[in-house]
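Going down the list, the sequences are from chains A and B.
Numbering-wise, my numbering puts 97 at position 85 of the first sequence, and it's gapless, one number per residue.
Numbering-wise, my numbering puts 125 at position 124 of the second sequence, and it's gapless, one number per residue.
Structure, as C-alpha cells:
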Amino acid sequence: MTQHDGRASGVILASIPAREGRPQIVYRQAGDRFMLVEFGEMEFDLTMSFRVLGLNRALKEHGLDGLIETVPAIRSILIHYDSTRLAPDGLIQAVEDLYEHLPPFETLRIPSRRISLPIAFNDQWTRADIARYVEHIRKDAPNIINGNNLEYGARYNGLRDAEELIEYVMATEWWSAAIGFFPGLPFLYPLDRRYAIVLPKYNPTRPWTPEGAVGIAGPCLAIYPVPSAGGYQLFGRTIPIYDPKQRNPAFAENPILLRPGDRVSFGPRVSDQELIEIREAVYAGTYQYQIDDSAVFDVGEYLRFLEATREEAEAFRRRQEEAAKRTPVP
Amino acid sequence: MLEVKNGGIETTVQDYPGRIGLLDQGIFPAGPMDDLAFRLANLLVGNDPGAAGLEVTAGGAEFVFTDARVIAVCGADMQPRLNGAPIERWRSYEVAPGDSLALGWLNGPGFRAYVAVSGGIDVPVVLGSRATYAPGEIGGHEGRALRAGDRLPLGTPSSAAAGGRRVKPDLVPTYGSEWVVEAVRGPQADPDYFTPEDMDFFFSHAWTLDRNSNRTGYRLDIHRWQWARTTGGVAGGHPSNILDNGYPVGAVNVAGDQPIILTVDGPTLGGFVCCAVVAQAAMWKLGQMVPGWDKIRFKEVDIAQAADLARQLERVISADSLERV
C-alpha cells in the first residue's frame, strides 16, 4: 500500500497521517454522491470497527446538512451525501471536526445489544445444499468431508474434530461490524481471539444456501438472511434474522433483526427437530428472541481482555497456521 | 383499480427515489432503472414526480383500468395501444372504466417503458417506499413482479391531471445502441489498486453489456486488468479483493476480471474494488440499455461536473418541460 503523507492525489481527496491516539484516515471519492472514509491500514483489526462505529454514531447524531446516510464496515465508513448541496471539502472538514471531538478511544462506550440465537449444527438443510453442490458443481471439493464443512473446518484450524470446532464457535461472542450485501446480513467477527476460526471460501461458489444458514470465511461469520448463493463454509442453521412478512414481535418495527455494534452468541445448541419447532414459533409470533437491549460495550475493558488473553490467542494462531499449511484449499 | 391482464417479462411497481437511508441495513434503494422517463411520466399525469408507477421491462404487458384516470407511457417504444389503437409515448391520455392499455414488444432502441397513472399506484409503503425490492421480497405488490390477475389500488388523482399534454419534443431523451455514460473515478481507481493503464482502458473501451444483466447488476466484458498489486493481502488472494466495505449505488465493481455495475437492487457491501461510479445524472441511461446487445463507453467527469449534470437533470423534472398537444 502506498503511503500518502497527507498529500491528496487522484481519488484520494485527503489523507491524514496517524498520530497520537488516532490511526491514519484516508478520504476517497466514490462517485459524485458517496465518499469512502478508511481507517488505518488494509489489515484485519477489530478495534478499527470500534473507532468506525464511534464516528458513525457522531455523524448520525450531528445531522450535517447534505449528509444522507452512512454505511459502517470493518475499517471504513461509506458516506452518502448530496454533492449539489455539500462540497467534498466541506464534508471532509465536518468529519474531521467530529472525529477530533470524539472522546478518547479507550473510554468509548458503545451501545451494543447482546443477542443469543439457537443453532442446530451439521443440520439437514445445509447438508442437503452441500450434497447438491457435490452432485452438480464440484465432486472433489476438499472442503467437503463426509458431506459437511465442519470436519474440514476442524482440520484447517488444527482442532481435534467437528465437535471441538462447534465448541469454539459457541465459546466466543461475535461482533457485528457491518450489515449488508443482502438485506440484514451481518458480518460477525470473534471477540475472543482464542477461538478465532479462519477458513477459505468455496471455489467455485455454491449456488444454493438455505435461509438461516451460518458460515465462516476468512475470520468472518455470516448468517444468510434469504436463500441465496454463497461462498462461506457452512456449519449450522439458526432462526430467521430477516422476515419481510414481519411475523414475530422482534420484526414488528423492522424486518431486519441485527445492527452494526450488536454482539451475537450461539446457543442453546438444538436438534434439527427442535429448530423446526422454534422456527415455527418464530413465525407464529410466540417465540421470544433473546435480546438484551440495554447492554453497553466498554472498549477499555475489552482492550484489557485482549491483552490478558494475548498469549493464548497467539498460541492458537500458530497452531492454525501450521494446520492450514497441511490442509488443501478449495 | 388497475388490473393486470399480462405481467409480461418483468413488470414491477416502483417509486422514486426508492428506499433511502437503509444502505447500512443491506438494502439498496430500488426504484426505477430509468428515473428520467419515470418522473416525466408522473409529471404528465399530474402526479408528484416520485409517485409510484409501473416499470415494464422488455415488453409484453397489459392492464385494464376500472375507473376514469389519466395515464402516460414514457421510455422505450413498446408500441403502446389503448383499446387496440396506437397511442404516442411521452404524452397523457384520459382513460375510462374498462379501458385496456397493452404494451407490445420492443420496437427500436431502449429496454424499459414506464406507465404512470393519475393518483399513483397505492400499494403499501414498506420501510418508507412503495418500490419493489425483489432481493428482499419487499415493497410493490407482495414484494414481487406483477402477474396476470393482480389488482392494484390507485391513489387520489390531483385536480391538475389532464389528457393532451406532452413532453416538449426537444426534451424527449433519445436512445441508441451505443451509450456514453458519465462516470466519476471510484474509491479504488489508481494508483493503489488499478494502474493508470487500467483506468485509461476503462474510460476508452466500448464495453458490451452482458445478457445476464438485470436490476441487481450490469455485467460487462471480461478484461485482463494489470492491477497495481499482486494480491489482495489479508482480504484474499486476488488483487481485486479488499476488506469488505460499503458499495456506492452505480459503482463499477470489479470482481476478479469482470466489471459489474451495481444497479438499484444491487448488493450494499462487499469485498471487491470499485474503479468508477456512474454519475447520478447518468443512471437513467442504464435503464434503457439492452442486455446482450448495447455498448457502453464511460466518459470521465469529476465530482463538480457530475453535480452540475445532476442539477441540469433536476431542472428537466418540471412542469415547464410539458406543453399542450
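Here a beta-carbon is modelled for each residue, glycine too, at the ideal position from N, C-alpha and C.
Classify F39/B as helix, strand or coil using the three-state DSSP reduction. helix
Would you mind telling me which residues of chain A sit closer than 7 Å to A308/B, beta carbon to beta carbon, in chain order? D44, S95, T96
Shorter than 8 Å from the beta carbon of V278/B to some beta carbon of chain A? yes
Could you give the first and the last residue of the continuous alpha helix (DSSP H) run that contains G140/B? It is not in any alpha helix (DSSP H) - G140/B carries neither H nor E in the DSSP assignment.
Which one of I288/A, V341/A, G227/A has the shortest CA to CA distance from I235/A? Selected option, being the one with the closest Cα: G227/A.
So, is the C-beta of P100/A closer than 8 Å to a C-beta in chain B? Taking Cβ atoms only, chain B reaches closer than 8 Å to P100/A, which makes this a yes.
Other residues of its chain near G140/B: CB distance less than 8 Å, five sequence neighbours each side excluded: V14, R20, A31, V124, V127, L128, S130, R131, A132, T133, Y134
Do you know how far the Cα of M47/A is from the Cα of S95/A? If you draw a straight line from the Cα of S95/A to the Cα of M47/A, it is about 10 Å long.
I want to verify the contact list: residues of chain B whose CB lies under 8 Å from the CB of A208/A, in sequence order. Near A208/A there are no residues of chain B at all, since even the closest Cβ is about 13 Å away, more than 8 Å.
Taking buried to mean at least 16 other C-beta atoms within 10 Å of its own C-beta, is A20/A buried or exposed? At A20/A, the pLDDT of 45 sits below 50, so the modelled position is not reliable; the number obtained from the coordinates is stated separately. Using a 10 angstroms sphere on the CB of A20/A, the tally of other CB atoms stays under 16, which defines it as exposed.
I'd like the span of the alpha helix (DSSP H) that includes V185/B, first residue to last. Here V185/B belongs to no alpha helix (DSSP H); instead the beta strand (DSSP E) covers 179-186.
Is there contact here, the region 122-140 of chain A with the region 301-316 of chain A, by at least three beta-carbon pairs under 8 Å? yes
So, G76/B versus G43/A, is the Cβ gap smaller than 8 Å? no
Measure the Cβ-Cβ separation of L103/A and I89/A and say whether it is below 8 Å. no
Nearest residue (CA-CA) to V317/B, options D36/B, F29/B, I28/B, D25/B: Among D36/B, F29/B, I28/B, D25/B, the Cα nearest to that of V317/B belongs to D36/B.
Report, in whole angstroms, the separation of the C-beta atoms of I116/B and I72/B, which I expect to be a contact under 8 Å. At residue 116/B the sequence reads Val, which differs from the Ile that was named. Their Cβ separation, rounded to whole angstroms, is 7 Å, which keeps V116/B and I72/B in contact under 8 Å.
With H, G and I counted as helix, E and B as strand and the rest as coil, what does DSSP make of N260/A? Assignment of N260/A by DSSP, reduced to helix, strand and coil, places it in the coil class.
Taking K286/B as the reference, which of L45/B, D201/B, F299/B, S319/B has the closest Cα? F299/B
Distance cutoff 8 Å, beta carbons only. Does N254/B sit that close to anything in chain A? no
In or out: E55/A buried (at least 16 other Cβ within 10 Å) or exposed? Burial check for E55/A: the Cβ neighbour count within 10 Å stays below 16, so the residue is exposed.
Report the residue from P81/B, D151/B, T217/B, L24/B whose alpha carbon sits nearest the alpha carbon of W91/B. Of the listed residues, the one whose Cα sits closest to W91/B is P81/B.
Would DSSP call R212/B helix, strand or coil? Residue state, collapsed to three classes: coil.
Find out if the Cβ-Cβ distance for the pair L45/B, V168/B is shorter than 8 Å. yes
What residue range is occupied by the uninterrupted beta strand (DSSP E) comprising H92/A? 88-93
I'd like to check one pair, E95/B with G156/B: are the Cβ atoms closer than 8 Å? Taking 8 Å as the Cβ cut-off, G156/B and E95/B do not qualify as a contacting pair.
Can you tell me whether H113/A is buried or exposed, with buried defined as 16 or more other CB within 10 angstroms of its CB? exposed
Would the region 225-244 of chain B and the region 278-285 of chain B be scored as touching if the rule is three or more Cβ pairs under 8 Å? Verdict: no, contact absent.
Compile a chain-ordered list of the residues in the region 182-202 of chain B whose CB is closer than 7 Å to at least one CB of chain A. Per Cβ criterion, the list reads V185, R186, G187, P188, A190, D191, P192, D193.
Select from the region 148-162 of chain A all residues with a C-beta closer than 9 Å to any C-beta belonging to chain B, and list them in chain order. none
For chain A, is any of its Cβ atoms less than 8 Å away from the one on Q281/B? yes
Any Cβ of chain A within less than 8 Å of the Cβ of R312/B? Taking 8 Å as the CB threshold, R312/B lines the interface with chain A.
Could you tell me which residues DSSP puts in a beta bridge with V1/B? Since the first residue of chain B shown is 2 and the last is 326, residue 1/B is not available in this structure.
CB-CB under 6 Å to N260/A, same chain, minus the five flanking residues each way: which ones, in chain order? Answer for N260/A: V294, G297, listed in chain order.
Within 10 angstroms of the Cβ of W106/B, are there 16 or more other Cβ atoms? Answer buried if so, exposed if not. Exposed, because fewer than 16 other Cβ atoms sit within 10 Å of the Cβ of W106/B.
Any idea what DSSP makes of Y314/A, helix, strand or coil? helix
Chain-ordered chain A contacts of A31/B [CB-CB under 7 Å]: Those do not exist, as A31/B stays about 11 Å from chain A at its closest Cβ, beyond 7 Å.
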